[in-house]
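A.B. asks:
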Amino acid sequence: MVLDDLKKYQEAIENYNLAIKYDSSFAEAYSNKGNSLKKLSKYRVAIENYDLALKYKPYFAAAYNNKGSVLNDLGKYQEAIENFNLALKYNSRYPEAYYNKGISLINLGQYQEAIENCDLAIKYKPDYANAYYNKATSLMHLGKYQESIESFDLAIKYKLDDEATYNLKGYTLSILGKHQEAIENYDLAINHKPNYAAAYCNKGTSLRKLGKHKDAMSNYDLAIKHQADYAESYFEKGIVLVNLGKHKEATKNFNLALKYRPNLIEEYERAIKGLRKLGNDLMANEFEKKLKIMQDNL
1 MVLDDLKKYQ
11 EAIENYNLAI
21 KYDSSFAEAY
31 SNKGNSLKKL
41 SKYRVAIENY
51 DLALKYKPYF
61 AAAYNNKGSV
71 LNDLGKYQEA
81 IENFNLALKY
91 NSRYPEAYYN
101 KGISLINLGQ
111 YQEAIENCDL
121 AIKYKPDYAN
131 AYYNKATSLM
141 HLGKYQESIE
151 SFDLAIKYKL
161 DDEATYNLKG
171 YTLSILGKHQ
181 EAIENYDLAI
191 NHKPNYAAAY
201 CNKGTSLRKL
211 GKHKDAMSNY
221 DLAIKHQADY
231 AESYFEKGIV
241 LVNLGKHKEA
251 TKNFNLALKY
261 RPNLIEEYER
271 AIKGLRKLGN
281 DLMANEFEKK
291 LKIMQDNL
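Last residue of the sequence shown? That's 298 in UniProt numbering, and every number before it is there in order.
1. Using C-beta distances below 6 Å, list every residue in its chain close to Y111, excluding the 5 sequence neighbours before and after it, in chain order.
2. What three-state label does DSSP hand Y260 in the structure shown?
3. When you compare the CB positions of L264 and L256, do they come within less than 8 Å of one another, or not?
4. If I'm right that A136 touches Y94 with Cβ under 8 Å, what's the distance once you round it to whole angstroms?
5. I need the DSSP call for P194, collapsed to helix, strand or coil.
6. Taking the C-alpha atoms as reference points, what is the distance between I224 and N66?
7. Between the alpha carbons of Y98 and F84, how many angstroms are there, rounded?
8. Are the CB atoms of N253 and Y230 nearer to each other than 8 Å?
9. At the 8 Å Cβ level, is R44 part of the contact set with chain B, yes or no?
10. Determine the direct distance from the alpha carbon of E184 to that of V240, and round the result to whole angstroms.
11. In the structure shown, what three-state DSSP assignment does S41 receive?
12. If you follow the alpha helix (DSSP H) that A228 is part of, which residue opens it and which one closes it?
13. Secondary structure at M1, three-state DSSP: helix, strand or coil?
14. Is the stretch 42 to 55 close to the stretch 16 to 32, with three or more CB pairs under 8 Å?
15. Within 10 angstroms of the Cβ of D4, are there 16 or more other Cβ atoms? Answer buried if so, exposed if not.
16. Taking its Cβ as the centre, do 16 or more other Cβ atoms sit within 10 Å of D162, making it buried, or is it exposed?
17. Sort K7, A250, K33 and G75 by Cα distance to A19 and report the nearest one.
18. I'd like the span of the alpha helix (DSSP H) that includes F287, first residue to last.
19. For C118, collect the residues of the same chain with a Cβ closer than 6 Å to its Cβ; drop the 5 residues on either side in sequence, then sort them by chain order.
20. Residues in the same chain with beta-carbon distance under 8 Å from N167, minus the five sequence neighbours each way, listed in chain order, please.
21. Looking at the secondary structure, which residues open and close the alpha helix (DSSP H) in which K125 lies?
22. What's the call for L37, buried or exposed, on a 16-neighbour Cβ count within 10 Å?
23. Does the beta-carbon distance from S41 to Y77 come in below 8 Å?
Put into structure tokens, the structure is as follows:
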């Protein structure tokens, strides 16, 4: 976070403290103070302020939603859902609460329920780009790739400059074997964020699958240049090196991937198991193939 932002949020907190000094039951001031504390990653104190807001205004939907958002940041997804449900109890037409509840459900692997909440968010806010994005991500996990792409396109319609949407749309296209289209989307992601390591890495993978190994390597190296600890780039670079018969260099890159992400193998195994359970064999097979190449060359 840049210093200006830090200063801005700190100044805001001081102003909310003044407001509270003159009215100790000012629920909105506690809630807004919580929002500034959240921006400063002071999650525990943020929750304390949301609780104070709710003490003085028990039906305060925004405070429940904001508290739930902090609980999401802390990985307490079930507790977060309870707060989003309370927000929706007091305001059933609250798109942000449905959206945030969707985030909790995605993190719990409950993708169909996440889609339902994204749809409700969109119902009350039809231009909600982030809700289309999360819906698309959930559809992708369920193996509904064409529907996923349609949702990514709607996200792009309402938010043209979001690099993450182009990147994940590209990834979805690559799973369908549409590598040239995927590359076009990765290039758009990079255009909006020139240091976007994940987009360079994914572009490299599409180039690898088109047999353009040299170009793939260049993109993995760019990903590493912009994020030296991005394990996935070393993993993918290792696969290209195996394809080129450079097994010693491949092993070196696989070991770097494991250095920066020690649980990478276990995470992939868990993801494969989860994808099979969801019936998404296409993505599971892709992960399994990659993992086997790594394990055979360690």
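Backbone N, C-alpha and C define an ideal beta-carbon position, used for all residues, glycine too.
C.D. replies: Per the coordinate set shown:
1. In the sequence shown, the residue the question calls residue 111 occupies position 111. Contacts found: S138, H141 and L142.
2. Counting from 1 along the sequence shown, the entry for residue 260 is found at position 260. Here Y260 sits in helix by DSSP.
3. Here the question's residue 264 lines up with position 264 in the sequence shown. Here the question's residue 256 lines up with position 256 in the sequence shown. No, these two residues do not count as a Cβ contact at 8 Å.
4. Translated into positions along the sequence shown, residue 136 becomes position 136. Translated into positions along the sequence shown, residue 94 becomes position 94. Their Cβ separation, rounded to whole angstroms, is 22 Å, which puts A136 and Y94 out of contact at 8 Å.
5. Position 194 of the sequence shown, counting from 1, holds the residue named residue 194. Coil.
6. Locating residue 224 in the sequence shown gives position 224, where the first residue counts as 1. Locating residue 66 in the sequence shown gives position 66, where the first residue counts as 1. Spanning the two alpha carbons is a distance of roughly 35 Å.
7. For the purposes of this step, residue 98 is identified with residue 98 of the sequence shown, where counting begins at 1. For the purposes of this step, residue 84 is identified with residue 84 of the sequence shown, where counting begins at 1. Between Y98 and F84, the C-alpha separation is close to 7 Å.
8. For the purposes of this step, residue 253 is taken as the residue at position 253 of the sequence shown. For the purposes of this step, residue 230 is taken as the residue at position 230 of the sequence shown. No, the pair does not count as a contact, with Cβ atoms beyond the cut-off.
9. Looking for chain B here will not work: only one protein chain is present.
10. Mapped onto the sequence shown, residue 240 falls at position 240. Mapped onto the sequence shown, residue 184 falls at position 184. Approximately 21 Å between the Cα atoms of the pair.
11. As a working note, residue 41 is residue 41 in the sequence shown. Of the three classes helix, strand and coil, the one that applies to S41 here is coil, per DSSP.
12. Sequence index remark: in the sequence shown, residue 228 carries index 228 (1-based). Judged by DSSP secondary structure, A228 falls outside any alpha helix (DSSP H); it is assigned neither H nor E.
13. Along the sequence shown, read from residue 1 onward, the residue named residue 1 stands at position 1. Because M1 carries a pLDDT of 49, less than 50, the predicted location of this residue cannot be relied on, and the following value inherits that uncertainty. Looking at M1 - three-state DSSP - the assignment turns out to be coil, as it is neither helix nor strand.
14. Taking a cut-off of 8 Å on C-beta distances, the stretch 42 to 55 touches the stretch 16 to 32, as three or more cross pairs fall below it.
15. In the sequence shown, counting from the first residue as 1, residue 4 sits at position 4. Note that D4 has pLDDT 49, beneath the 50 cutoff, so the model's placement of it is unreliable and no number is given.
16. Counting from one through the sequence shown, the residue named residue 162 turns up at place 162. Burial is judged here by how many other beta carbons sit within 10 angstroms of a residue's own beta carbon; D162 has at least 16 and is buried.
17. Indexing the sequence shown from 1 puts residue 19 at position 19. With distances taken between Cα atoms, A19 lies closest to K33.
18. The residue given as residue 287 occupies position 287 in the sequence shown. Here the alpha helix (DSSP H) through F287 covers D281 to Q295.
19. As a first step, residue 118 is located in the sequence shown; it is residue number 118 there, counting from the start. Shown here for C118: same chain residues with a beta carbon closer than 6 Å to its own, the five before and five after excluded, namely G102, A131, N134 and K135 in chain order.
20. For this step, residue 167 is matched to residue 167 along the sequence shown. Short of 8 Å from the beta carbon of N167, and not among the five residues preceding or following it, lie these beta carbons of its own chain, in chain order: N185, Y186, A189, Y196, A198, A199 and N202.
21. Sequence index remark: in the sequence shown, residue 125 carries index 125 (1-based). The continuous stretches of alpha helix (DSSP H) do not include K125, and DSSP gives it neither H nor E.
22. Stepping through the sequence shown from its first residue, residue 37 is reached at position 37. Sixteen is the threshold: when 16 or more other Cβ atoms of the shown chains lie within 10 Å of the Cβ of L37, as they do, the residue is buried.
23. Within the sequence shown, residue 41 is the residue found at index 41, counting from 1. Within the sequence shown, residue 77 is the residue found at index 77, counting from 1. Not in contact: S41 and Y77 (Cβ atoms no closer than 8 Å).
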